[in-house]
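Notes follow once the structure below has been shown.
Protein chains: 2
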Amino acid sequence: MTRDNVTANTAWESLLAAHAALTRSFAAEPIWGDLSMREYDVLYTLSKCPAPVRISDLNSHVLLSQPALSRLVHRLAGQGLVKCGPDPVDGRGVLVSLTPAGRERQRQIGRQHARSVARTLTASLSHTELSQLTSLCQKLHR
Amino acid sequence: MTRDNVTANTAWESLLAAHAALTRSFAAEPIWGDLSMREYDVLYTLSKCPAPVRISDLNSHVLLSQPALSRLVHRLAGQGLVKCGPDPVDGRGVLVSLTPAGRERQRQIGRQHARSVARTLTASLSHTELSQLTSLCQKLHR
DNA sequence: TTGTGATATATGCAAACGCATATATGTGAC
DNA sequence: GTCACATATATGCGTTTGCATATATCACAA
Chain A
198 MTRDNVTANT AWESLLAAHA ALTRSFAAEP IWGDLSMREY DVLYTLSKCP APVRISDLNS
258 HVLLSQPALS RLVHRLAGQG LVKCGPDPVD GRGVLVSLTP AGRERQRQIG RQHARSVART
318 LTASLSHTEL SQLTSLCQKL HR
Chain B
198 MTRDNVTANT AWESLLAAHA ALTRSFAAEP IWGDLSMREY DVLYTLSKCP APVRISDLNS
258 HVLLSQPALS RLVHRLAGQG LVKCGPDPVD GRGVLVSLTP AGRERQRQIG RQHARSVART
318 LTASLSHTEL SQLTSLCQKL HR
């Protein structure tokens, strides 16, 4: 294996380790109520969408199989946090959007989670380093 | 929210997105056989340990609850890929290690996976950038 | 040495997941 | 229009997960 390949694999392993450690740390925060982090992730994704989104579009943001996401969305709908409606343009699609209750719940959790993320990451990295990390990760998923 | 906090949250979101996209891409490779990526992850972690490891030590490397990891390890033992033995020093502990078959299986999958990781990451980042990413991620989980 | 609390792993059980596939709708060739 | 194929979501089902808790062992004080 070439040196570059070793470097690439080391980088991936570091990213995995950082992801696991930080995720575990955030999951331990007592801010999630009766939601799982995955459910919150969907609420968060929806909160950044100006218009209703198809389940398949959501699926490209969430690391979950299509059936699992479909059921997750319907669970959230059952709790009144999202609304599922037909897509007028494509009868196969389902358009998902936050209800007011869902938006409120996302904001409430998101406020605390954002604080926690900021506290943890700024404890390890400078402003410049955080920007570098963002830039590198963005290059990675294109 | 301060500028630094926004930067930290942006960085975390980028890392999450990169992790999800790359994980999905690697999972799609037809190299895993009858193992899940989580099961491979345990084999890989074991392959880097010179001596048998306790389940609780494994658990700090794998993002999985203790009962789930315990059952995963016993599944792997049932397939003859790992060996579980008592810890002579601490009767509560279970020491886990790769069997020859497990080591062989890890190597076989690992070879192909490492190639795939290298191909994907070097396509997006230079050698220098990969080193920077490693350094930043390592700082993150301390 | 016995009791008390901590730690390592295992187990019962309901919930959630992934895979395969069904259903419904869209798209384009003929 | 209709047939064949592609796409979006849903459902059946066996497996895996997490939570709560049980069990076994350790550490150490009385």
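Protein sequence lines, in the order shown, are assigned to chains A and B. Quick note: the first sequence uses the working numbering, first residue 198, plus one each step. Quick note: the second sequence uses the working numbering, first residue 198, plus one each step. The C-beta atom is built at its ideal place from N, Cα and C for all residues, glycine as well.
Contact annotation: in the region 240 to 263 of chain A, residues whose CB is within less than 8 Å of a CB in chain B are H258, V259 and L260. In the displayed model, K336 of chain A falls within a helix according to three-state DSSP. Excluding its 5 nearest sequence neighbours in each direction, L219 of chain A has C-beta neighbours in its own chain below 7 Å: T317, listed in chain order.
Counting C-beta pairs closer than 8 Å gives three or more between the region 319 to 336 of chain A and the region 321 to 334 of chain B, which meets the contact rule. A248 of chain B is positioned such that its CB atom lies no closer than 7 Å to that of L278 of chain B. Contact of L273 of chain A with chain B is not assigned, every C-beta pair being separated by 7 Å or more. Annotation: the continuous alpha helix (DSSP H) that includes S222 of chain A extends over R200 to A224. Annotation: G290 of chain A is outside any beta strand (DSSP E) and is labelled neither H nor E by DSSP. The beta carbon of Q309 of chain B sits closer than 6 Å to the beta carbons of I228 from its chain, once the five residues preceding and following it are set aside; these are given in chain order.
Of all alpha-carbon atoms in A:Q305, A:R268, A:I252 and A:Y237, the one lying nearest the alpha-carbon of R289 of chain A is that of A:I252. Among the residues of chain B, those whose CB is under 7 Å from the CB of R221 of chain A are L260, following chain order. DSSP, read as helix, strand or coil, puts G299 of chain A in helix. Of the candidates A:I306, A:A311 and A:V314, the residue whose Cα lies closest to the Cα of G230 of chain A is A:I306.
Non-local beta-carbon contacts of L327 of chain B in its own chain, meaning distances under 7 Å to residues more than five positions away in sequence, involve L318 in chain order.
Here A224 of chain B is exposed. Its C-beta has fewer than 16 other C-beta atoms within 10 Å. By the CB criterion at 7 Å, L240 of chain A and Q329 of chain A fall outside the cutoff. Near chain B, meaning a CB-to-CB distance below 7 Å, the residues of the region 298 to 321 of chain A are A311, V314, A315, L318, T319 and S321. Residues of chain A with a Cβ closer than 8 Å to the Cβ of E326 of chain B are, in chain order, L333 and K336. E301 of chain B and K245 of chain B have their C-alpha atoms some 13 Å from each other.
Counting only residues of its own chain and dropping the five nearest sequence neighbours on each side, H258 of chain B has a CB closer than 7 Å to the CB of T242.
In the structure shown, P249 of chain B adopts coil according to DSSP, grouped into three states. D238 of chain B sits buried, since 16 or more C-beta atoms from the chains shown fall within 10 Å of its C-beta.
In the three-state scheme derived from DSSP, where H, G and I count as helix and E and B as strand, P227 of chain B is classed as coil.
A residue is called buried once 16 or more other Cβ atoms fall within 10 Å of its Cβ, and V203 of chain B, having fewer, is exposed.
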